[in-house]
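Line by line, the protein sequences are chains A and B.
Using our numbering, the first residue of the first sequence is number 38, and each one after it goes up by one.
Using our numbering, the first residue of the second sequence is number 18, and each one after it goes up by one.
Yeah, the Cβ is synthetic: ideal placement off N, Cα and C, and Gly gets one too.
Below: the structure, in structure tokens.
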Amino acid sequence: MAGSMVYRLQVGDVRAPYMQAFAAALAAAERRLDRASYNTIAGFHGAPGWYCWHHQRNPRTPEQARLFLPWHRAYLWWLEQALQDRARDLPPAIGATDIALPWWDWTAVANIPAAYRAGATGRARNPLASTRAYVPTARPPVDHWTTRAPGRAPFTRLPTRAQVADLLEDSDFASFSDRLEDFHDSVHVWVGGDMGTVSTAAFDPVFFAHHCMIDRLWYLWQVRWGITRIPPSLLNLPLSPFGLTVRDTLSVQRLGYEYATRSVGLPPSRPSRAPSRRGSRR
Amino acid sequence: MIELHTFGPIDLGELNGAGGAVARADLELYGIDHFRPSYTALVFFNDAAVTARNASARRRSYAGSFSIFGHAECLGDEGHCAVSAETRRFDTRPSHPLTRAFKRVVVTAALARLRSARTLTVTLVVACDPATDDYEADGPLFDCRGVQLTTFG
């Protein structure tokens, strides 16, 4: 329902209503050229914005450094809100469906999800397969359709379910964040192409499905260990350009979403009238 | 492109002399330059025979791995990717995106297998996508300022 909290679901069949709504909103954002465009938002991460926060930047000063998870949570929220803005541009049947980012569970689907591959929709262009990365102010200018090279980088494997289970046992935020970021890095390397470089990764729509999985794992860790398990010195740090602080990102409910494995609406009720006691006496 | 980097040896006597039991051991890598193509590194303990050809997570000496999501190339004007070591009193802006990175690899199980070893030598076998190994940065693909083994009781 428009305006209510949404459930982020696992990437599914491209014909599923929630996938259709997401893809249609993304396509609408890709067609725009203004600040609400997909191209502009993708450009926050690498070129030309360079706002993203990766790696621990200040050796031996961990409190100032581990913004990887909060920054990317804010980034996903920003895109999700922008896509929900696009609901008004969509046909009523699609626009009425909640628009939420789907997550790619690379421990279960050890390949680019089918919905994100070319030809998946039967249309001329699948908006989830590739977008035009356009940064005319870069030197040299960036202007190409995003590509991937999954599995080509030597030694690189997608994280496994066992590795994730072990990670979720790690109760220390710093250690958890570092280790989860390394899983994240390995997926970027594994997908390759534009996803393999910070500069252009976010122009590939699968970036957000990947990061949604990362964010979901932080959420699952928070469910287990509590949302306050983070160094207090991080809480008031700003997350540019989103207007949020780290504290603002700790609760996913506050940002308007939760993670679920499935959410199915029930058909409308069919009122029926039970025989009255008086009637049954006849 | 595949590179080998060897660190050590360090003395394990003190570690094993204390009973050898640790709750956790981390290999910590400081000051990693990520103005490079993205890559993955496999970590091996006490394996003088590991090479670019036979490196594999199936080797008994395998201790873990890590990946670096790299910046690859500069897309700005001159100086855009230069990280200044200077800090000014009133400049509290976030640090430069290319500030060198930190990584940890949990190596508890691999270290436990070295119970009888007196020293530890660490070998990293580092590889990037062959399509990206024509990068223009100076120096090797893997460039870090320090490696240390940290154990927790």
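- Within 10 angstroms of the beta-carbon of B/P114 lie 16 or more other beta-carbons, which makes it buried.
- A/S223 sits away from B/T140, with the two beta carbons spaced by 8 Å or more.
- By the neighbour-count criterion, in which 16 or more other beta carbons inside 10 Å mark a residue as buried, B/V100 falls on the exposed side.
- Distance check between B/F86 and each of B/H51, B/Q165 and B/E95 places B/H51 closest, using alpha-carbon atoms only.
- For the pair A/V235 and B/L137, the Cα-to-Cα distance works out to about 34 Å.
- A Cβ of chain A is located within less than 8 Å of the beta carbon of B/Y56.
- In the structure shown, the three-state DSSP call for A/T234 is coil.
- Collapsing the DSSP output to three states places B/I85 in a strand.
- For B/I19, at least one C-beta of chain A is nearer than 8 Å to its own C-beta.
- Within the region 69-95 of chain A, the alpha helix (DSSP H) runs of at least 4 residues that lie entirely inside it are, in chain order, 75-82.
- Under the three-state reduction of DSSP output, B/T167 falls in the strand class.
- Apart from the 5 residues on each side of it in sequence, A/A238 sits with its Cβ closer than 7 Å to the Cβ of H82, G83, H225, D231, M232 and F244 in its chain, given in chain order.
- Note on geometry: alpha-carbon atoms of A/L46 and B/R135 lie some 51 Å from one another.
- With fewer than 16 neighbouring CB atoms inside 10 Å of its own CB, B/T68 falls in the exposed class.
- With its beta carbon less than 8 Å from one in chain A, B/H88 belongs to the interface.
- For A/D180, no chain B residue has a C-beta closer than 9 Å to its own C-beta; the minimum C-beta separation is roughly 12 Å.
- Residue burial is scored here from C-beta neighbours: B/E31 has fewer than 16 other C-beta atoms within 10 angstroms and is therefore classed as exposed.
- Between B/I49 and B/A148, the alpha-carbon positions lie close to 22 Å from each other.
- According to the DSSP secondary-structure assignment, B/A42 is paired through a beta bridge with B/T168.
- Sequence-ordered contacts of the region 256-271 of chain A with chain B are nonexistent [C-beta pairs closer than 8 Å].
- Three or more pairs of CB atoms, one per stretch, sit closer than 8 Å, so the region 144-151 of chain A contacts the region 185-205 of chain A.
- For A/G49, none of the residues of chain B pass the 7 Å Cβ criterion, the least Cβ distance being about 27 Å.
- DSSP, read as helix, strand or coil, puts A/V48 in coil.
- Residue pairing by DSSP places B/A118 opposite B/I49 in a beta bridge.
- Going by DSSP, B/C145 is part of no alpha helix (DSSP H) but of the beta strand (DSSP E) stretching over T136 to C145.
- Comparing alpha carbon positions, the residue from B/S133, B/A118 and B/L92 closest to B/D160 is B/A118.
- Listed by position along chain B, the residues whose Cβ is nearer than 8 Å to that of A/W87 are P114.
- Under the three-state reduction of DSSP, A/A152 is assigned to helix.
- Contact between the region 77-97 of chain B and the region 297-313 of chain A is absent: fewer than 3 CB-CB pairs across the two stretches fall below 8 Å.
- Look at the beta carbons and you see the region 130-141 of chain A touching the region 44-63 of chain A: at least three pairs across the two are nearer than 8 Å.
- At least one beta carbon of chain B lies nearer than 8 Å to the beta carbon of A/R216.
- Rounded to the nearest whole angstrom, the C-alpha separation of A/F220 and A/A65 is 31 Å.
- Collapsing the DSSP output to three states places A/W182 in a strand.
- Counting every other CB atom within 10 Å of its CB across the protein chains shown gives A/A130 a total below 16, marking it as exposed.
- Taken through DSSP and simplified to helix, strand or coil, A/P128 comes out as coil.
- At least 8 Å separates the CB of B/F61 from every CB of chain A.
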